[in-house]
Amino acid sequence: MKLVRENFFLLVIILVAVSLRFINLDTIPIGFNDDEAAFGYNAYSILKTGRDEWGRFLPFPVFESFGDWKLVGYLYLTVISQFVFGISEFATRFPSAVFGIMSVFATYFLAKELFNRNVGLISAFLLAISPWSIIASRNAFESDILIFFIVISTYFFLKGLKNGKYLTFAFIGFAICFYIYRSSWLFIPLFISTLIYLYREKFRRIWPILTKNLIFFVILLTPLIPTVLTFKGQSRFFQESFITGVQRSGIIDEINARRGSCQSRLPVFTCSLIYNKYTFFLSTYLNNYFSNLSPETYFVRGNYTGYQSAPLRGFFYSFELPLLIIGLISLLKVRSDAAKLVLFWILIVPIGPSITGVGNPGRLNILMPAPQIIAAYGTVTVFTLIRSSLLKRLLGVLMTIIILFSLSRFLADMLYYYPKISARYQRYGYKQLFDYLESQKHAYKQIAISRKGDDAKQYIHYLFYEKYDPQNFLNSTVRYRDQGKWQVVEKIGKFSFYPSAPGLETLPANSLLAVEGTEAKELLFPINPVFIVNDPKGDRLFEVYDVDLLRGD
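Each residue of the sequence shown is one higher than the last, beginning at 1 in the UniProt record's numbering.
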């Protein structure tokens, strides 16, 4: 009972975190996005056969998936949850929800170690109710797992300053990060370097222990080296960065256009010196970096699709902004190692994600819980400065009202409004579509599906929802790699996937044709579909047609 009394507020915070992350986990967020389905089906395949969807036995440290070569950390956690719960949306999201809760718990200990118990409790509470953290924890995202291991490893690192044995736990945790999400590959080395530099004086007496643990850390990473040095490790950089990915062509076109205008007035050499890929890449990167630190990204703009975040809102509550400002000012004045660590944390995170763009919540969310810790420090600072107990109580009541209103509004949006906004981006409707098509496949010779609306990834939803036998998939699939080395599935048994709706004359008699709603509007078919799927707003997501009826056979 004494333990409960002493930790009553922490227990309440954890219960809040559990409720906000587990209630209706299988249906909120609405739909089930491509990456979630990929983790879910590959985990199912490993449980059934010991192999991933492409037949590789217990893949490590990456598995191919769509051709993006995902790290296996989340995959094997999903294998465990599916072993317990079976293949489902809930089982696939379960690891993320659990680690989201554990991150709240770990944040308390880290902030307490850095500052004091009050900062720890407030930090944990702010993370527990954070829209960004809640949404991340309710999706099957690797980055949510990463947050926990960064936080707990940092905590053990700080404990290791007093007792060297904790350093081993810290470096094991940091090493695990490398097997979870690629954001860690740049962040963790920079972060560890920052930790060692900030606390260098305290390490003088335990330098041999630190050296041994650094060597141990490198040994733990050796299985990754072959992956890092090949396309398997560099795939996301080549596929998405503005230096080598799809954004590159747009930048090169912009350079050529500006250089052409310049050359009508100035010498070619001068224009080439001003407008070239190196200066443009640098300016693009710097613009991305500072945009990824902009308050507009976190408090105003957010992500309009709702993918990996709450749509049409910032990542944080508005009431956190003044607390963050006060916390930042206070920490800059303090200039302690703890203050510097939290500030450097925020500055380091955007270094990697800025190579691919701005405002990607999945790549930036390892900022958490640094902003929550800063806001908590600001809150404690405000109450410390107020001498009047009456004013403290009034401010406490006011803040409670504001927080309850903000949280209630977010929850109402998450439950009732966001499903209408984000259904299409969260791939809502595939379950209904493939359940229908699967029920009809024995009556038809071929089922043709246009992949125009989803980058050739529809197949994974079919495999997941219909619990397709992994061995049958390997035996019955027709696939190829496109120029970006993405896997493109063309055929699974009777199901054929086309870049867009094929000509009716190319389809055999007794076929079904499934098209995305906007594509159906362009096709202007003269008859009504035999099956439709609408989103919660009533907008058309999919239409299914009998090809014989379309042709008038």
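Just so you know, even glycine gets a beta-carbon here, dropped at the ideal spot from N, CA and C. Bear in mind the structure is a predicted one, so any value in this text is a computation, not a measurement.
Assignment of beta-bridge partners to Lys70 by DSSP yields Phe63. A direct Cα-to-Cα measurement between Leu391 and Tyr108 gives close to 27 Å.
In this structure the segment 112-131 does not touch the segment 78-96; the number of beta carbon pairs closer than 8 Å is below three.
Nearest C-alpha to Phe383 among Val397, Pro371, Ser291 and Leu266: Val397. Sixteen is the threshold: since fewer than 16 other Cβ atoms of the shown chains lie within 10 Å of the Cβ of Thr222, the residue is exposed. Check the Cα spacing between Ala38 and each of Pro499, Arg451, Lys48 and Asp52: the tightest is with Asp52. In this structure Phe525 does not touch Tyr498 by the C-beta definition: roughly 16 Å separates them, more than the 8 Å allowed. With contacts defined as CB atoms closer than 8 Å, Pro353 and Ser183 qualify as a contacting pair. Within a 10 Å sphere around the beta-carbon of Ile180 sit 16 or more other beta-carbons, which makes this residue buried.
For Phe57, no alpha helix (DSSP H) run applies, since DSSP gives it neither H nor E. The way I'd put it, the segment 70-79 doesn't touch the segment 106-121; fewer than three beta-carbon pairs between them come closer than 8 Å. A direct Cα-to-Cα measurement between Met414 and Leu404 gives close to 15 Å.
Per DSSP, the unbroken beta strand (DSSP E) holding Lys491 starts and ends at Gln487 to Ile492.
When Phe171, Ile176 and Phe203 are compared, the shortest CA-CA separation from Lys162 is found for Phe203. Within the model, the alpha-carbon separation for Tyr285 versus Ser336 is close to 31 Å.
Around the C-beta of Ala338, 16 or more other C-beta atoms lie within 10 Å, and the residue is accordingly described as buried. Secondary structure at Phe531: strand, using DSSP grouped into helix, strand and coil. Judged by beta-carbon spacing, Asp535 lies within the 8 Å limit of Tyr428, meaning their Cβ atoms are closer than that value. As a beta-bridge residue in DSSP terms, Thr477 pairs with Ile492. In this structure, DSSP gives Gln483 a state outside helix and strand, which the three-state scheme calls coil. The three-state secondary structure of Ala37, taken from DSSP, is helix. Per DSSP, the continuous beta strand (DSSP E) segment holding Asp546 begins and ends at Arg540 to Asp546. Residue pairing for Ser450: DSSP places it in a beta bridge opposite Tyr498. The Cβ neighbour count for Ala520, taken over all protein chains shown within 10 Å, is at least 16; the residue is labelled buried. The segment 15-25 and the segment 449-466 do not touch, with fewer than 3 CB-CB distances between them shorter than 8 Å. Residue environment analysis places Lys277 among the exposed positions, since fewer than 16 neighbouring C-beta atoms fall within 10 angstroms of its C-beta. By the criterion of at least three beta-carbon pairs nearer than 8 Å, the segment 136-156 is in contact with the segment 164-175. For Lys445, same chain residues with a beta-carbon under 8 Å away, outside a window of 5 residues either side, are Lys494, Pro508, Ala509, Asn510 and Ser511 in chain order. For Ile14, the closest of Trp69, Gly73, Val98 and Lys70 by C-alpha to C-alpha distance is Val98. By the Cβ rule, the segment 357-367 counts as touching the segment 140-150, because three or more pairs are nearer than 8 Å. Classified as exposed, Thr230 has fewer than 16 neighbouring CB atoms from the shown chains inside 10 Å of its CB. Under the DSSP assignment, Leu513 falls outside any alpha helix (DSSP H), being part of the beta strand (DSSP E) whose first and last residues are Ser511 to Glu516.
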